[in-house]
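Asks: Sharing a structure here in structure tokens format.
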Amino acid sequence: MKLNDTQKKFVEDLLSKMTLEEKVGQLNQESPSIVGGFDVPFGELIEMLTDGRISQEEFERTMANAERDYHEDDIRAGMVSSFLDSDPRKINELQKIAVEETRLGIPLIIGFDVIHGLRSVYPIAIAEAGSFDDELMEKTAQMAARESRAYGVCWNFAPMIDVARDSRWGRVSEGPGEDPFLGSRFARAKIRGLQNGVDKGESYVAACTKHYVGYSACEAGRDYNTTSMSISQLYNVYLPPFRAAMEEGACSAMASFNDLNGVPCTVNSYTLRDILKGEFGLEGFVVSDANGIKECVTHGIAEDDIDAGVKAMNAGLDMDMGTHIYYEHMLQSVKDGKVSEETLDEAVRRILSVKVWLGLFENPYVDEDVIASYEKGVPQQHTELCLKAAEESIVLLKNEGGILPLNKSAKFTLVGELADREDEVVGAWSLGWKKEECVSVRQGLEKAGAQFDYYPVCGPESNINEDELKAAIASDCDIVVAVVGEYKSMSGEASSKADITLPGCQKEMLRKLKEAGKTVVAVLMNGRPLALGWEKENIPAIVEGWHLGIEMGTAIAKVLFGDVNPSGRLSSTFSSMNGQEPLYYNHPNTGRPGSKSKFTSKYLDAPIEPCFCFGYGLSYTSFEYSDLKLTETDDEISATFTLTNTGKREGTEVAQLYMQDVCASLVRPVRELKDYARITLAAGKSRQVTLHLKKSDMGFYDNQGKYVVESGLFRIFVGGNSVDTLAAEIRI
Ligand code: BGC
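Numbered according to this note's numbering, the sequence shown spans residues 2 to 733.
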């Protein structure tokens, strides 16, 4: 986000005209309060959902049907800066009040959770990152920006770029997986897609990177839990995607709920002022997460609401989401000298700057014609892009004896309640989709003209329906396609799990089908890496389908029948069993790496190896790597190798380059991803491929947060995943 001189002057002029009250008003984000069914503010409604007083379904129903209070009087009084909503006509009404009925006519900035698409929902981030396709990631974000703007949303609470290493944490679904490098490329692509329309005359929104920072390092994978880590770990693992996003000009960030080394991120001036605004140069603003400021009292870091507001403001937290604390107390805190007017001005300047950059002063309203066209349906190119993203995100985990692809004319049996749930394909944090635009796996197979009988048998929470199981077993088909996994509510916020194996009776269903002599193809629908030890041993073909968005069913059918050759890779390590978590590939070396010998770093009762490693994924063809050569220039190392498609059909390989700093002043990871490329090759063809590693990227941050590049021996690995690689060494 860059403002020109005229825009900067506009902001300063406006700021100079504002009263203290109007400035405080710019710090306040509102959301509609639900009246009627639940006469509580949105924040509390979230709490009710979180503590189980209402179910996810009740919450969604309430949100859809309840009468809402839009706080029009507060808007009129100039006490609202931002609104959290996505109803375009309502947004126009609220905006009209802000623009026409307040003294200075400052427009509202409308924020919303458009995490993986608004109406045209594409794969959850953990899946899409596995496409290793930066261009695709950018295009889907651009599509989300287009739809957001059409709905009046100009500020997306995305990308979520928490590097997540513990699959028990439900929010692994929302982010790009476990790797800081892939996470950084994802972050850059998303910021470009969301924001760069400003230079191209296309739709654009302000991005809100989140959750800043370390949220995903919650102890034991339990959401909102405490986090503690060294400064080098913070800098090397959790900050890189945020640094990358800021380099791309991200407009804003959301402070995370967690405390980091004892200081909640909402009131953490080290992470907010020193790093984000100082070192990374954020020019826009920071918003709290919902209710975050108030929770500082519960954390035990602030005595009361007033104290929490003062601490947050002084730490660099510019906008209050959901608590009214700034609204109610900031004026007095400034008058009392607890917050300086300069600090207040700085926050307001940042918020106004984003509003100016968004063009809201010239063009505050939603175009009613565009809304009308969306009411008729989404543009076809959006559906097509959702399909492409879904196809590229599917990961073939196992295909013993080449069971897949299936022959379209051969009859099979379809089981699993999830197969018939078009409302489940959209994953966690999708809010604008329409059921009739979603394709379930069953519908996708039907559309593809497949011959099958369907028996739900069981789902993630139900018992096995014995009659249906009997019928599935009695059918004269050898092949059973079983769609199994998690409901979308089993991942996402407040959805941590201690048991990440296939939930409910689904494994039992698979076992019984196998024992009955069926050849089972498991299609997984899930929001987190599941512990798949048993499935890997016992099921001959496994397709990782995640929650792939509205075109899930179409994409799965294409992969099952071979119309699409799978090319997705895992953006996160999969464990074999629960106790292995957190399991991630780029861990530091120990002095006693696990081996056969007893006194090494391992378990007595579980493997230390992953079930499926980071970067892993099969194809209907096969690839071979050979002739790795390293060359060095002043600035970079190039790894050149020959990639050969050794199979019988065209396919796309994700070639990956990893590095190990063999000896350094801090213990370094055993491997670190440093480059990747998607390469499509016809059957039998070879190509020379070069992946790159800049010397300036071969360093790391020390425990003072200082970046150091040390000379010495480096191992370079290239291959199709993080384990099976060619290796070479170089001393620099
Ligand atoms: C979540 C954020 C989200 C916000 C607003 C919070 O509960 O942690 O990710 O953006 O709500 O909906």
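A virtual CB, placed ideally from N, CA and C, is assigned to each residue, including glycine.
Could you check whether the Cβ of Lys-191 sits closer than 8 angstroms to any heavy atom belonging to the ligand BGC?
Replies: No.
Asks: So within the region 138–217, which uninterrupted beta strand (DSSP E) runs reach at least 3 residues, ignoring any that extend past its ends?
Replies: Correct list: 207–213.
Asks: Is there contact between the region 479–497 and the region 520–536, where contact requires at least three CB pairs shorter than 8 angstroms?
Replies: yes
Asks: Is it a yes or a no for the region 216–232 touching the region 259–276, going by three-plus beta-carbon pairs under 8 angstroms?
Replies: yes
Asks: With a threshold of 6 angstroms on Cβ separation, who are the neighbours of Gln-143 within its own chain once the five nearest residues in sequence on each side are excluded?
Replies: Gly-194
Asks: Counting only the same chain and skipping the five closest in sequence on each side, list residues whose C-beta sits under 7 angstroms from that of Val-311.
Replies: Ser-334, Lys-339 and Val-340
Asks: Between the region 467–479 and the region 394–409, do at least 3 Cβ pairs fall closer than 8 angstroms?
Replies: no
Asks: Whole angstroms is fine: what's the gap from Thr-7's alpha carbon to Lys-675's?
Replies: Going by the C-alpha atoms only, they are around 41 angstroms apart.
Asks: Would you say Leu-261 touches the ligand PLP, meaning its beta carbon is less than 8 angstroms from a heavy atom?
Replies: Among the ligands modelled here, namely the ligand BGC, the ligand PLP does not occur.
Asks: Is there contact here, the region 149–159 with the region 201–208, by at least three beta-carbon pairs under 8 angstroms?
Replies: yes
Asks: In chain order, what residues of the same chain have a beta carbon less than 7 angstroms from the beta carbon of Ser-497, not counting five sequence neighbours either side?
Replies: Arg-169, Trp-170, Gly-171, Gly-222, Arg-223 and Asp-224
Asks: Distance, Cα to Cα, Asp-454 vs Glu-136?
Replies: 39 angstroms
Asks: Nearest-angstrom Cα distance between Asp-606 and Gln-581?
Replies: 10 angstroms
Asks: Work out the CA separation of Val-668 and Glu-438 for me, nearest whole Å.
Replies: 50 angstroms
Asks: How should Ile-76 be labelled, buried or exposed, when 16 other C-beta atoms within 10 angstroms of its C-beta is the threshold for buried?
Replies: By the 10 Å Cβ count, Ile-76 comes out buried.
Asks: Would you mind sorting Arg-120 into buried or exposed? The rule is 16 or more other CB atoms within 10 Å of its CB.
Replies: buried
Asks: Using 9 angstroms as the threshold, is the C-beta distance between Ile-557 and Gly-569 below it?
Replies: no
Asks: DSSP three-state call for Leu-667: helix, strand or coil?
Replies: Coil.
Asks: On a CA-only basis, which of Ser-666, Arg-150 and Tyr-216 is nearest Gly-112? Give me that one, please.
Replies: Arg-150
Asks: Is it true that the region 652–667 meets the region 706–721, where meeting means three or more beta-carbon pairs spaced less than 8 angstroms apart?
Replies: yes
Asks: Less than 6 angstroms between C-beta atoms, sequence neighbours within five positions excluded: which residues of the same chain meet that for Pro-181?
Replies: Val-164, Val-238 and Pro-241
Asks: Got a sec, what are the start and stop residues for the alpha helix (DSSP H) Phe-258 sits in?
Replies: For Phe-258, no alpha helix (DSSP H) run applies, since DSSP gives it neither H nor E.
Asks: If you draw a straight line from the alpha carbon of Ser-743 to that of Val-355, how long is it in whole angstroms?
Replies: Residue 743 falls outside the range modelled here, since the chain spans only 2 to 733, and no answer is possible.
Asks: Given 8 angstroms as the limit, tell me if Lys-211 has its C-beta closer than that to any heavy atom belonging to the ligand BGC.
Replies: yes
Asks: Leaving aside the five residues before and after Arg-69 along the sequence, list all residues of the same chain whose C-beta is less than 7 angstroms from its C-beta, in chain order.
Replies: Around Arg-69: Pro-33, Ser-34, Ile-35 and Val-36.
Asks: In chain order, what residues of the same chain have a beta carbon less than 6 angstroms from the beta carbon of Asn-722, not counting five sequence neighbours either side?
Replies: Excluding five sequence positions before and after Asn-722, the CB atoms of its chain that fall closer than 6 angstroms to its own CB belong to Cys-614, Gly-616 and Tyr-617, given in chain order.
Asks: Look at the alpha carbon of Leu-235 and the alpha carbon of Ile-276, and state the distance between them as a whole number of angstroms.
Replies: 11 angstroms
Asks: Does the beta-carbon of Glu-494, which I'm using as the reference point, lie nearer than 8 angstroms to any heavy atom of the ligand BGC?
Replies: yes
Asks: What is the chain-ordered set of residues for which the beta carbon lies under 5 angstroms from any non-hydrogen atom of the ligand BGC?
Replies: Asp-114, Phe-158, Asp-290 and Ala-291
Asks: Per DSSP, which one or two residues make a beta bridge with Asn-237?
Replies: The partner list for Asn-237 (beta bridge, DSSP) is empty, contrary to what the question assumes.
Asks: So, with DSSP's three-state summary, where would you put His-383?
Replies: helix
Asks: Could you check which residue in Ala-246, Val-482, Pro-365 and Gly-450 has the C-alpha nearest to that of Phe-413?
Replies: Val-482
Asks: With Glu-401 and Ala-542 assumed to form a contact (beta carbons below 8 angstroms), what rounded beta-carbon distance in angstroms separates them?
Replies: Taking C-beta atoms under 8 angstroms as the contact rule, Glu-401 and Ala-542 qualify, at a distance of about 7 angstroms.
Asks: To the nearest angstrom, how far is it from the Cα of Met-510 to the Cα of Glu-363?
Replies: Near 59 angstroms, if we compare the C-alpha coordinates of Glu-363 and Met-510.
Asks: Whole angstroms are fine: how far does the CA of Glu-369 sit from the CA of Lys-448?
Replies: 34 angstroms
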